[in-house]
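As numbered in our numbering, the sequence shown has no gaps in its residue numbers, which increase by one up to the final residue, 38.
Some notes on the structure that comes next.
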Amino acid sequence: MRPEPEKPQNPVAARLRPVVYLYAALNIAVAALLFSTVSPTFATGPASEMASLR
-15 MRPEPEKPQN PVAARLRPVV YLYAALNIAV AALLFSTVSP TFATGPASEM ASLR
């Protein structure tokens, strides 16, 4: 069995990888923020205070 020849690194993929990770992290943060605004279990102090005033 002969060893596989090494594939050349794709410079575009290497350049875009941090951008993709940053985009994914930003999406997760926004989703968590949106979920925290609609979920009663993760309600913050001001949000629960506003809800109690209604």
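For every residue, glycine included, the Cβ atom is placed at its ideal position computed from N, Cα and C.
Rounded to the nearest angstrom, what separates residue i and residue j at their Cα positions?
{"i": "Gln(-7)", "j": "Arg1", "result": "13 angstroms"}
{"i": "Asn11", "j": "Val3", "result": "12 angstroms"}
{"i": "Glu(-10)", "j": "Tyr7", "result": "30 angstroms"}
{"i": "Tyr5", "j": "Ala(-3)", "result": "12 angstroms"}
{"i": "Ser39", "j": "Leu18", "result": "No answer is possible for residue 39: the residues shown for the chain start at -15 and end at 38."}
Return the first residue and the last residue of the alpha helix (DSSP H) that residue i is part of.
{"i": "Asn11", "result": "Pro(-5) to Val22"}
Leaving aside the five residues before and after residue i along the sequence, list all residues of the same chain whose C-beta is less than 8 angstroms from its C-beta, in chain order.
{"i": "Val14", "result": "none"}
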